[in-house]
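Engineer: Would you mind keeping the following structure in view while I ask a few things?
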Amino acid sequence: MLICLFLKPPNKKKPNCIFQQMCDMLSKAAQERKQGDSTGQQDISPKQWLSKKTVQDLLPDQHQLELLIQHKQTHLTIEKQQALVKHVLDHIANDTPVDTDQVLNLVDKDVSQLVSFGNIVLKMSQYGAPVALELYRIAMEKGDDRGAFSYANMVYRGYRGTPKDEERGVQIMSQLAQKGHPYAQMNLAAIIMRTQPSRVDAAIQLYELAGRAGMDGAYTELGRMYRHGFGIHQDHVKAVEYFKQGAQAGNPQCNFMLGVYHSSNLIGEPDQQKAFKYFQKAAVKGMPEAQYNVGLRFLRGHGVEINHFNAAEFFRMAALQGFQLAQINLAGMYTEGRGVKKDLEEARKWLEKACASGGKIGKDAQKRIEELDQIEGKKKNNDRCNIM
Numbered sequence: 395m396l397i398c399l400f401l402k403p404p405n406k407k408k409p410n411c412i413f414q415q416m417c418d419m420l421s422k423a424a425q426e427r428k429q430g431d432s433t434g435q436q437d438i439s440p441k442q443w444l445s446k447k448t449v450q451d452l453l454p455d456q457h458q459l460e461l462l463i464q465h466k467q468t469h470l471t472i473e474k475q476q477a478l479v480k481h482v483l484d485h486i487a488n489d490t491p492v493d494t495d496q497v498l499n500l501v502d503k504d505v506s507q508l509v510s511f512g513n514i515v516l517k518m519s520q521y522g523a524p525v526a527l528e529l530y531r532i533a534m535e536k537g538d539d540r541g542a543f544s545y546a547n548m549v550y551r552g553y554r555g556t557p558k559d560e561e562r563g564v565q566i567m568s569q570l571a572q573k574g575h576p577y578a579q580m581n582l583a584a585i586i587m588r589t590q591p592s593r594v595d596a597a598i599q600l601y602e603l604a605g606r607a608g609m610d611g612a613y614t615e616l617g618r619m620y621r622h623g624f625g626i627h628q629d630h631v632k633a634v635e636y637f638k639q640g641a642q643a644g645n646p647q648c649n650f651m652l653g654v655y656h657s658s659n660l661i662g663e664p665d666q667q668k669a670f671k672y673f674q675k676a677a678v679k680g681m682p683e684a685q686y687n688v689g690l691r692f693l694r695g696h697g698v699e700i701n702h703f704n705a706a707e708f709f710r711m712a713a714l715q716g717f718q719l720a721q722i723n724l725a726g727m728y729t730e731g732r733g734v735k736k737d738l739e740e741a742r743k744w745l746e747k748a749c750a751s752g753g754k755i756g757k758d759a760q761k762r763i764e765e766l767d768q769i770e771g772k773k774k775n776n777d778r779c780n781i782m
């Protein structure tokens with residue numbers, strides 16, 4: 395079973411003009427959404443979000459802080475980390491502006507440390523977003539693009555206790571995209587597709603810019619757009635062209651989709667050997683859908699010689715990542731003793747994992763467990779009959 399994932403001509407206008415038009419378009423759309431929001435809900439202020447929170451609530455224990463320093467996640471001493479969080483917390487609690495100079499002194503004027511430490515606070519604590527936002531803001535004001543991108547992302551989404559401002563987020567991301575920031579280009583393209591799908595031409599331009607800047611995931615999105623006809627005329631040939639560009643950069647999803655295309659007749663006669671090679675490239679990058687398909691092809695001999703041992707190994711790779719179909723197939727191989735030593739207990743283990751994930755596949759796994767019960771019941775009866 396194959397699991398499928400998900401141009402207009404380039405605009406001749408000057409790039410700066412294009413980015414300004416995109417920014418204006420998205421800002422206007424953000425304003426309209428804000429005006430049209432009749433829920434009456436208001437953002438939780440950072441002060442409310444951090445009410446009665448202490449430094450200990452926002453930072454991990456001392457052992458974890460030492461590990462972060464040891465693994466070079468931050469160069470700040472534990473004392474400076476704690477002082478930095480306390481300083482920002484105090485100003486948020488008192489509704490006063492954070493002292494930028496004092497913050498910079500605490501990081502020895504290394505602006506990049508503001509972003510790195512902001513990432514730590516954001517990741518390590520469910521309450522850390524307002525503090526991280528302040529650190530990103532200061533980094534942005536000092537010219538750090540990573541800080542600007544993180545700040546823009548958070549204000550656009552109103553992430554965990556931070557004030558939501560889509561218009562401001564779009565403006566910052568547009569400025570970064572114009573400077574060639576590929577992550578900002580990707581984000582803007584996704585925002586356009588979600589909020590202004592009629593402007594698919596602008597999204598395509600942004601994805602292409604991001605792809606040329608090394609974001610191979612942009613080619614995945616472009617390929618999907620043409621494969622499914624998202625806002626444009628469906629074109630499998632163009633979809634394959636984009637997937638090839640991403641595959642050349644090693645993108646597993648693009649390799650997987652090329653495997654899907656070569657196993658079908660959407661672009662010509664199926665070529666199962668090519669399909670297998672592309673699935674295998676995606677599989678070795680850890681993609682469970684691809685690992686499952688490689689296992690299935692080793693099992694059935696599609697594009698490669700039958701090899702039950704290899705089939706079981708690839709099913710195992712996908713099964714360990716929770717891929718239900720692989721769990722069921724691996725259980726079947728243990729039940730039959732194909733590619734592995736026959737082991738009904740091991741088969742049951744994998745069926746129970748598939749069953750626990752629920753859905754239609756989970757129900758199928760439950761039926762197989764019941765069948766396994768019958769097999770084991772018959773075996774016990776036979777054993778009793780053989781006792782002399």
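Per the numbering used here, residue 395 is the first one in the sequence shown, and the count goes up by one each step. The C-beta atom is built at its ideal place from N, Cα and C for all residues, glycine as well.
Note the first and the last residue of the continuous alpha helix (DSSP H) segment covering Ile598.
Structural biologist: Here residue 598 corresponds to residue number 204 of the sequence shown, with the count starting at 1. From DSSP, the alpha helix (DSSP H) with Ile598 extends over 594-606.
Engineer: Could you check the C-alpha separation between Leu470 and Asp502 for me, to the nearest Å?
Structural biologist: Here the question's residue 470 lines up with position 76 in the sequence shown. Here the question's residue 502 lines up with position 108 in the sequence shown. One C-alpha to the other measures close to 9 Å.
Engineer: By a C-beta neighbour count over all protein chains shown, 10 Å radius and 16 as the cutoff for buried, is Gln464 buried or exposed?
Structural biologist: One-based indexing of the sequence shown puts residue 464 at position 70. By the 10 Å Cβ count, Gln464 comes out exposed.
Engineer: Which ranges does the alpha helix (DSSP H) cover as unbroken runs of at least 4 residues, wholly within the region 458-540, from first to last along the chain?
Structural biologist: The region 458-540 contains these whole alpha helix (DSSP H) runs: 472-487, 494-500, 505-518, 523-535.
Engineer: Within 8 Å, do at least three Cβ pairs link the region 472-485 to the region 536-551?
Structural biologist: In short, these stretches do not touch, since the Cβ pair count stays below three.
Engineer: Can you give the Cα-Cα distance for Val654 and Glu528, rounded to whole angstroms?
Structural biologist: Translated into the one-based positions of the sequence shown, residue 654 becomes position 260. Translated into the one-based positions of the sequence shown, residue 528 becomes position 134. Their backbone Cα atoms lie some 45 Å apart in a straight line.
Engineer: Is it a yes or a no for the region 644-658 touching the region 672-688, going by three-plus beta-carbon pairs under 8 Å?
Structural biologist: Because the criterion of three Cβ pairs below 8 Å is met, the region 644-658 and the region 672-688 touch.
Engineer: For Phe670, count neighbouring Cβ atoms within 10 angstroms of its own Cβ and tell me buried if that reaches 16, exposed if not.
Structural biologist: The residue labelled residue 670 in the question sits at position 276 within the sequence shown. Buried: at least 16 other Cβ atoms inside 10 Å.
Engineer: Among the candidates Gln467, Leu452, Asn488, whose CA atom is the shortest distance from the CA of Ala477?
Structural biologist: For this step, residue 477 is matched to residue 83 along the sequence shown. It is Leu452 whose Cα lies nearest to the Cα of Ala477.
Engineer: Going by Cα to Cα distance, which pick from Ala612, Leu719, Gly731, Asn581 is closest to Trp744?
Structural biologist: Taking the first residue of the sequence shown as 1, we reach residue 744 at position 350. For Trp744, the nearest C-alpha among the options comes from Leu719.
Engineer: From Ser544 to Ala533, what does the alpha carbon distance come to, in whole angstroms?
Structural biologist: Counting from one through the sequence shown, the residue named residue 544 turns up at place 150. Counting from one through the sequence shown, the residue named residue 533 turns up at place 139. Each residue's alpha carbon lies about 10 Å from the other.
Engineer: Starting from Ser568, trace the alpha helix (DSSP H) in both directions and tell me its first and last residue.
Structural biologist: On the sequence shown, position 174 is the one that residue 568 refers to. Start and end: 560-572.
Engineer: Is Asn723 helix, strand or coil by DSSP?
Structural biologist: As a working note, residue 723 is residue 329 in the sequence shown. Correct three-state label for Asn723: helix.
Engineer: Could you tell me whether the Cβ of Gly552 comes closer than 7 Å to any Cβ of chain B?
Structural biologist: Checking the listed chains, one finds no chain B in this structure; it contains a single protein chain.
Engineer: Beta-carbon within less than 7 Å of Lys446's beta-carbon, same chain only, minus the 5 sequence neighbours each way: which residues are those?
Structural biologist: The count along the sequence shown starts at 1 and reaches residue 446 at position 52. Excluding sequence neighbours, Lys446 sits near nothing in its chain.
Engineer: My output table needs one value for Ala643: the three-state DSSP class, helix, strand or coil.
Structural biologist: Taking the first residue of the sequence shown as position 1, residue 643 is located at position 249. Looking at Ala643 - three-state DSSP - the assignment turns out to be coil, as it is neither helix nor strand.
Engineer: Enumerate in chain order the residues of its own chain whose CB-to-CB distance from His575 is below 7 Å, with the five nearest sequence positions on each side excluded.
Structural biologist: Within the sequence shown, numbered from 1, the residue matching residue 575 stands at position 181. If we look at His575 and ignore the five residues flanking it on each side, its Cβ neighbours are Asp539, Phe543.
Engineer: With a floor of 4 residues, list each alpha helix (DSSP H) that falls wholly inside the region 672-759, ordered by position along the chain.
Structural biologist: DSSP runs (the alpha helix (DSSP H)) wholly in the region 672-759: 682-694, 702-714, 718-730, 738-750.
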